[in-house]
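Chain order of the listed sequences is A and B.
Every letter in the first sequence is one number past the one before it in our numbering, and letter 30, counting from 1, is 10.
Just add 11 to wherever you are in the second sequence, counting from 1, and you've got our numbering.
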Amino acid sequence: MSTPDVPTRGPARPGPYIVAGVLLAIAILVPLFVPAYSMDKPRLGGMPFFYWYQMLWVPITAGMVGISYRLVTKEDRRRREAVRGARTEEREQ
Amino acid sequence: MSGLTVPLAATPDRPVNGIALTVVVVLFALVAVLGFFAARWRAGKETGLHSLDEWGLGGRGFGTWVTWFLLGGDLYTAYTFVAVPAAMWATGAVSGFFAVPYTIVLYPIVFLLMSRLWSVSHRHGFVTPADFVGGRYGSRALTVAVALTGIVATMPYIALQLVGIKAVLTVLGLGSAQNVLLTDLPLIIAFVVLAAYTYTSGLRAPALIAVVKDLLIYLAVIVAVIYLPLKFGGWDNIFGAAQTKLDAISPATGKPTGVFIPGAASYSAYWTLALGSAMALFMYPHSVTGVLATKSRNTIRKNAAVLPLYSLMLGFLALLGYAAISAGTKPIDLNGAVNPQLVVPQLFLDNFPAWFAGIALAAIAIGALVPAAIMSIAAANLFTRNIYRDLIRPDADPKQEAKVSKIASLVVKFGALIFVIGMDQSAAINMQLLGGIWILQTFPAIVAGLYTRWFHRWALFVGWAAGIIYGTVAAYNVVNPVTKANFGGSIAAIPGTNVQVYIAVVAFAINLIVAAVLSLVFRAMKLPDGKDITRNSDYGADENDPKVAELEREYPLGGTGRGIL
């Protein structure tokens, strides 16, 4: 390596990543499980279940990705501050 | 513009809708002005547009809002707007509505993968996915394979944007079945203008135009989704008409015309189409270009939470295909044949005042210009970085790179134009179908590389080749039941079974298995590993972390600095 591998982030706490991972896995797997929704009834405003159920999953997925975003960026910020704070102290000494 | 297009209007085939045409021409001209103006928008002070970072990635500074519009315009293309409702109109849910779960599961995948790619690319100044593969594996063969796959898969995609514009022009009454050149003149003019402002402004042009296009398309879809069901007796009636048509037995095949709600036999086709397409989309160079143009590591993640609004719109747009069934829309092409691609433009023209139809048609046509511009830029960047610089001129400076890329973007666009004018439209559609299968074969090299160096570079190369060969052969062997032509679709049985799935997914599985097995073999044989210039810390870097080029300056004793960029 030509330059030292300076860590950009401190060590991770697994909690937020596990929660986000579970949310994202649900958001990927559930919409792909076709037997759960390949039916006509119940209809919603004349729309068969097959169609409105899948459309419903668009905002649900968006919400899950949104929550994951909040969890992961918060942890990301903490990990960055962990290394950057340490580096600033080093320079000040 | 209007002086050039109006004389063509005197064709016997279709009446010209003067008001709608005027609205389209005015909006198109407005967008062209915006496209040229974009060169000055947030332009880099010292360098102008004389580097790939500036011309090809818009200065790598797009925030959440611009990215939302840019990626929205980039991923949800005019061809999508035309082809998805067309598929719904013609054969129903399995070939059309899978686009909804596809664009749902897309975003968790983007969330997981793309910020790592952003970080490593930010650190090393990577512009293309092949740049990353080159930096990670140090294998020229693998880099060129990824770059060529990207270029070849993108070309027909650009051509299909032209098919989208053509559908709009045909419905407006432009074009004639008698004179080929005259038919395509408006298309050629539109494309020359597009090529000119892409050349001048680079990625800033589609970013700015995307804002206008999206406002128009949201307006058109929201109005249509509220008004059309009211006009045709509610969704009940619309779905009733669709079910009647799709359940009817087709005389050509002796089977139902389409699928209203998939039965157990099509489950696997439905979900593999959705998953395979979602995994493939961000392997396309134009998607990666959109990601790398963002300002920070987390911009793309935030966008993964807000981009699904487009998926909702796409879902409703798909249902307009059913609305067209109940409206009795007749998509008759210039040669008198039924062309499903014309369904949505025709639906708007038949059921709305001319000025509003004009807005909707303009939204589709402009919607073709945005992705066509980004795709040509992305393909040009691949050519410049991974073929011109890697193979021909290793010492090319940023200015030369920008110059080569600008010219390559012109070549790519005219290639696509000739493709559409010179060949049958179905050739472009077949090629795009193949492109989707091919591009997924770059997934193992790119995505596995974001997390691990476990795979051996040559194993990835052989896996890629195996996936491409299987996918191409399997797609060729699909025969259209009506026309008996090859490349009849993208669904085939898993070899040795009756389970119908998306061909790309099987090809991907073969690719992955070959790559894994050969990695074990090659490691056992102690074949040389390529040089990896990335480090673990690169994959978590954000916009405030120094780029590698800056680190090199900071630690000059560490190395000579060569081999990094």
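Heads up, the beta-carbon is just placed ideally off N, CA and C, and yes, glycines get one too.
The beta carbon of residue 530 of chain B is closer than 7 Å to those of 465, 466, 467, 470 in its chain, skipping five residues each way along the sequence.
DSSP, reduced to helix, strand and coil, places residue 74 of chain B outside both helices and strands of the structure shown, so it counts as coil. In the DSSP assignment, residue 502 of chain B is bridged to B:513. Rounded to the nearest angstrom, the gap between the Cα atoms of residue 342 of chain B and residue 360 of chain B is 11 Å.
Apart from the 5 residues on each side of it in sequence, residue 259 of chain B sits with its Cβ closer than 8 Å to the Cβ of 267, 268 in its chain, given in chain order. Check the Cα spacing between residue 105 of chain B and each of B:151, B:277, B:37: the tightest is with B:277. The alpha carbon of residue 64 of chain B has as its nearest neighbour, out of B:326, B:333, B:409, the alpha carbon of B:409.
Residues of the stretch 33 to 45 of chain A with a Cβ closer than 9 Å to any Cβ of chain B, in chain order: 34, 35, 37, 38, 39, 40, 41, 42, 43, 44, 45.
Residue 139 of chain B places its beta carbon 8 Å or farther from that of residue 402 of chain B. Taking 8 Å as the cut-off between beta carbons, the residues of the stretch 9 to 31 of chain A near chain B are 11, 12, 13, 14, 15, 18, 19, 20, 23, 25, 26, 27, 28, 30, 31, in sequence order. One finds 312, 313, 316 in chain B with Cβ atoms closer than 7 Å to the Cβ of residue 49 of chain A, taken in chain order. Burial state of residue 491 of chain B is exposed, judged by a 10 Å Cβ sphere holding fewer than 16 other Cβ atoms. For the stretch -6 to 8 of chain A, the residues whose beta carbon sits under 7 Å from a beta carbon of chain B are, in order, 4, 7, 8. Neighbourhood of residue -13 of chain A in chain B, by CB distance below 7 Å: 548, in chain order.
In this structure, residue 228 of chain B sits away from residue 38 of chain A, with a CB-CB distance that is not shorter than 8 Å. Annotation: the continuous alpha helix (DSSP H) that includes residue 412 of chain B extends over 409 to 433. Under the Cβ distance rule, residue 60 of chain A counts among the residues neighbouring chain B, one pair being separated by less than 8 Å. DSSP places residue 326 of chain B in the uninterrupted alpha helix (DSSP H) bounded by 319 to 338. Under the Cβ criterion (8 Å, minimum of three pairs), the stretch -7 to 4 of chain A does not count as touching the stretch 25 to 35 of chain A. The residue from B:507, B:450, B:500 with its alpha-carbon nearest to that of residue 480 of chain B is B:450.
Under DSSP, the beta-bridge partners assigned to residue 260 of chain B are B:267.
When C-beta atoms of the stretch 290 to 310 of chain B are compared with those of the stretch 62 to 80 of chain B, three or more pairs fall below 8 Å, so the two segments count as touching.
For residue 322 of chain B, the chain A residues whose Cβ falls inside 7 Å of its Cβ are 38, in order along the chain. Remark: C-beta atoms of residue 516 of chain B and residue 474 of chain B do not approach each other more closely than 8 Å.
For residue 376 of chain B, same chain residues with a beta-carbon under 6 Å away, outside a window of 5 residues either side, are 176, 179 in chain order. Against chain A, the beta carbon of residue 477 of chain B has no neighbour under 9 Å; the closest one sits roughly 25 Å away. Against chain A, a Cβ distance below 9 Å from residue 309 of chain B picks out 49, 52, 53, 56. Segment contact: the stretch 127 to 143 of chain B against the stretch 362 to 381 of chain B, fewer than three CB-CB distances shorter than 8 Å; contact not assigned. Membership of residue 554 of chain B in any alpha helix (DSSP H) is not indicated, and neither H nor E is assigned to it by DSSP. Contact note: residue 286 of chain B reaches chain A through 8, 12, using a C-beta cutoff of 9 Å and chain order. Neighbours of residue 245 of chain B in chain A, taken as residues whose beta carbon is under 8 Å from its own, are 25, 26 in chain order. For residue 326 of chain B, the nearest CB of chain A lies under 8 Å from its own CB, placing it at the interface with that chain.
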